[in-house]
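There are 2 protein chains.
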Amino acid sequence: MTTPGRGLHGHVLDSLGPAITAGEYPPGSVLRTDELAQRFDVSRSVMREAVRVLESMHLVESRRRVGVTVRPKSEWNVYDPQVIRWRLAGADRPHQLRSLTVLRSAVEPVAAGLAARNASAEQCAELTECAIGMVANSRGHKLEEYLVHDMAFHRVILVASGNEMFARLGDVVAEVLAGRTHHEVMFEDPDPAAVTLHVQVAEAVREGDAARAEKLTREITVGALQELDILAP
Amino acid sequence: MTTPGRGLHGHVLDSLGPAITAGEYPPGSVLRTDELAQRFDVSRSVMREAVRVLESMHLVESRRRVGVTVRPKSEWNVYDPQVIRWRLAGADRPHQLRSLTVLRSAVEPVAAGLAARNASAEQCAELTECAIGMVANSRGHKLEEYLVHDMAFHRVILVASGNEMFARLGDVVAEVLAGRTHHEVMFEDPDPAAVTLHVQVAEAVREGDAARAEKLTREITVGALQELDILAP
DNA sequence: GTGACAAATAAGTCTGACTTTTTGTTCCCG
DNA sequence: CGGGAACAAAAAGTCAGACTTATTTGTCAC
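Protein sequences appear in the order of chains A and B.
Residue 158 in numbering that gives the first Met the number 0 sits at position 159 of the first sequence; the count goes up by one each step and never skips.
Residue 2 in numbering that gives the first Met the number 0 sits at position 3 of the second sequence; the count goes up by one each step and never skips.
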């Protein structure tokens, strides 16, 4: 994603970031820049740059005379795409997927409603294409092709909402969907009902029916929650 | 907030960050590290650390032989609290407030519903306290005191939801609420209906009535949208 | 015990030299 | 005239070492 490890400090981050987000260093742990520089065999300047980035993610705090201390999880910038990726790659992947799925369930219906009002003709066309692609690959174990269109579908919805905060969740949603296909239980073809819902959402957006787009999308996200046993009794 | 300007590089960021997010340097603009270092009268090491942070926020991209280029707005990490603060302090403050308010309208009702299921006894008590504080300061131009309780109220809801992604939006919501009181039109006492809604949400959460908590919170956020003329006809 | 003072420590800063990658130009040959 | 290869320049990247500064901790006197 983006450009991983495009410098020495990037390489260091690819090691340290996952380690910290995986809880390998408990909150309050103290690291020393010089020691880390030695460990990763880089100069202090490079190590300092890496620490600065971790600091900007609120993963660590650097203080004079004490060192680089790991902050408690509750202070991390959990919306940072890099942090999300690190956590999804690590041990608390299931927990992270649940959190993100709940977030989806809150955001996507509203985004769909807005998309019904704001989507351009091109975006409507894209959406319909995606839905068609999903239908076309919904049977016969073509999970990978299905996933591509599913990710594209949700991304278009989020972008078409016209809200930049929603739009920037496209990568996150894509990551969640991909995770479900690649790592979770997803051996069979997708649920036909879900496929139909996507087609209907595309319809509703095209027709500018905000309420219906929202309601249908809510059904989709409820399905996603149920898959992870996050119920709403 | 947090610890602004806790180093030389922090001071540089406090200058450059707002400038970039304000669109002072259009996307594609090229900056050179050495020139910037001169301009801010810091060493190249310090300047490099600042650039690294901006890079981790996806505000800029640093490439050899070309320089530090400003990325298009659509790629920025708009959930980074620092970026949010910079943008709220700058020219597109109104636009940013609208985006965030829409995000609130999606997230908070769901968070309230979850809070009704997951809130601890302490959190219920806190919530009730906040609601009482709001009522107590709802008349007589005690806007500042009202704001404090209002911010606390929404923060408790988000934390009590048990979802870490929601919890981390506490600062953002607080910033939006503070912005409304301090910079937008808010001369009179708060809307009595809104105050009542908060009290009722606290009730619903206490009683574990998720559906009601969600519905009532949705009414609160609809009110917030209407204040900014974001209608739902 | 309390206060001030001193020492130790780790981050912070600066400088200068060197390396590496990328880009743009030039020049030669087809 | 066009295209490709070699070359030169530019800017970021890296490293090493010396120095500064803030903060903590320990000690000693009162």
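Glycine included, each C-beta is placed from N, C-alpha and C at the ideal position.
Determine the closest residue to residue i out of the options, with distance taken between C-alpha atoms.
i, options, result
"His-181/B", "Asp-13/B, Ala-209/B, Lys-72/B and Ala-88/B", "Ala-88/B"
"Ser-28/B", "Val-45/B, Val-65/B and Ser-44/B", "Val-65/B"
"Asn-117/B", "Leu-7/B, Gln-95/B, Asn-162/B and Arg-62/B", "Asn-162/B"
"Pro-108/A", "Phe-165/A, Lys-72/A and His-10/A", "Phe-165/A"
"Arg-205/A", "Ala-110/A, Thr-127/A and Lys-72/A", "Thr-127/A"
"Val-52/B", "Val-11/B, Arg-63/B and Ala-105/B", "Val-11/B"
"Glu-23/B", "Pro-71/B, Gln-37/B and Arg-62/B", "Pro-71/B"
"Gly-178/B", "Arg-97/B, Thr-68/B, Val-69/B and Gly-207/B", "Arg-97/B"
"Thr-68/B", "Pro-25/B, Leu-102/B and Gln-37/B", "Pro-25/B"
"Asp-188/B", "Leu-146/B, Ser-14/B and Leu-215/B", "Leu-146/B"
"Gly-132/B", "Gly-6/B, Thr-195/B and Ser-44/B", "Thr-195/B"
"Val-158/A", "Ser-73/B, Arg-5/B and Ser-44/B", "Ser-73/B"
Can you list, in chain order, the residues of its chain whose CB lies under 7 angstroms from that of residue i, leaving out five sequence neighbours each side?
i, result
"Glu-144/B", "Asn-136"
"Val-106/B", "Phe-165 and Leu-168"
"Val-155/B", "Gln-122, Glu-125, Leu-126 and Cys-129"
"Val-198/B", "Ala-130 and Val-134"
"Leu-99/A", "Val-171 and Val-175"
"Arg-217/A", "Pro-108"
"Val-41/B", "Leu-7 and Val-11"
"Gly-207/A", "Ala-115 and Arg-116"
For residue i, count the other beta carbons within 10 Å of its own beta carbon; 16 or more makes it buried, fewer makes it exposed. Which is it?
i, result
"Met-0/A", "Because the pLDDT at Met-0/A is just 47, under 50, the model does not fix this residue reliably, and the point stays unresolved."
"Arg-31/B", "exposed"
"His-153/B", "buried"
"Ile-219/A", "buried"
"Gly-139/A", "exposed"
"Pro-232/B", "Confidence in Pro-232/B is poor, its pLDDT being 47 and thus under 50, which makes the residue's placement too unreliable to answer from."
"Arg-47/A", "buried"
"Ala-120/B", "exposed"
"Arg-62/A", "exposed"
"Gln-225/A", "exposed"
"Pro-191/A", "exposed"
"Glu-54/B", "buried"
"Arg-38/A", "exposed"
"Ser-104/B", "buried"
"Ala-201/B", "buried"
"Asp-228/A", "exposed"
"Ala-90/B", "exposed"
Identify every residue that forms a DSSP beta bridge with residue i.
i, result
"Arg-62/A", "Gly-66/A"
Return the chain-ordered list of same chain residues with a C-beta closer than 6 angstroms to the C-beta of residue i, the five sequence neighbours on each side being excluded.
i, result
"Gly-112/A", "Ala-209, Ala-212 and Glu-213"
"Met-150/A", "Ala-173 and Leu-176"
"Gly-222/B", "Ala-193"
"Ala-49/A", "His-8, Val-11 and Leu-12"
"Ser-160/B", "Ala-110, Leu-113 and Ala-114"
"Asp-170/B", "Pro-80"
"Leu-35/A", "Met-46"
"Glu-60/B", "Thr-68 and Arg-70"
"Gln-95/A", "Arg-86 and Leu-87"
"His-148/A", "Cys-129, Gly-132 and Met-133"
For residue i, which residues in the same chain have their Cβ closer than 8 angstroms to its Cβ, ignoring the five residues on either side in sequence?
i, result
"Val-82/B", "Gly-16, Thr-20, Met-56, Leu-58, Trp-75 and Asn-76"
"Val-101/A", "Leu-224 and Ile-229"
"Leu-215/B", "Ala-111, Leu-196, Gln-199, Val-200 and Ala-203"
Could you check if residue i belongs to the surroundings of the ligand ADP, using beta carbon to heavy atom distance under 8 angstroms?
i, result
"Met-164/A", "In the structure shown, the ligand ADP is absent, as is every other ligand, since no ligand is present at all."
Unbroken alpha helix (DSSP H) runs of length 4 or more, entirely within the stretch 8-39 of chain A: which are they?
Qualifying alpha helix (DSSP H) stretches, in chain order: 32-39.
Which whole runs of the alpha helix (DSSP H) in the stretch 167-206 of chain A are 4 residues long or more, in chain order?
With a minimum length of 4 residues, the continuous alpha helix (DSSP H) runs that stay inside the stretch 167-206 of chain A are 169-181 and 191-206.
Entirely within the stretch 104-151 of chain A and at least 4 residues each: give me those alpha helix (DSSP H) ranges in chain order.
Segments of the alpha helix (DSSP H) lying fully in the stretch 104-151 of chain A: 120-135.
Suppose only complete runs of 4+ residues qualify. What are the alpha helix (DSSP H) ranges in the stretch 70-102 of chain B, listed by chain order?
Those alpha helix (DSSP H) runs which fall completely within the stretch 70-102 of chain B and span 4+ residues are 80-88.
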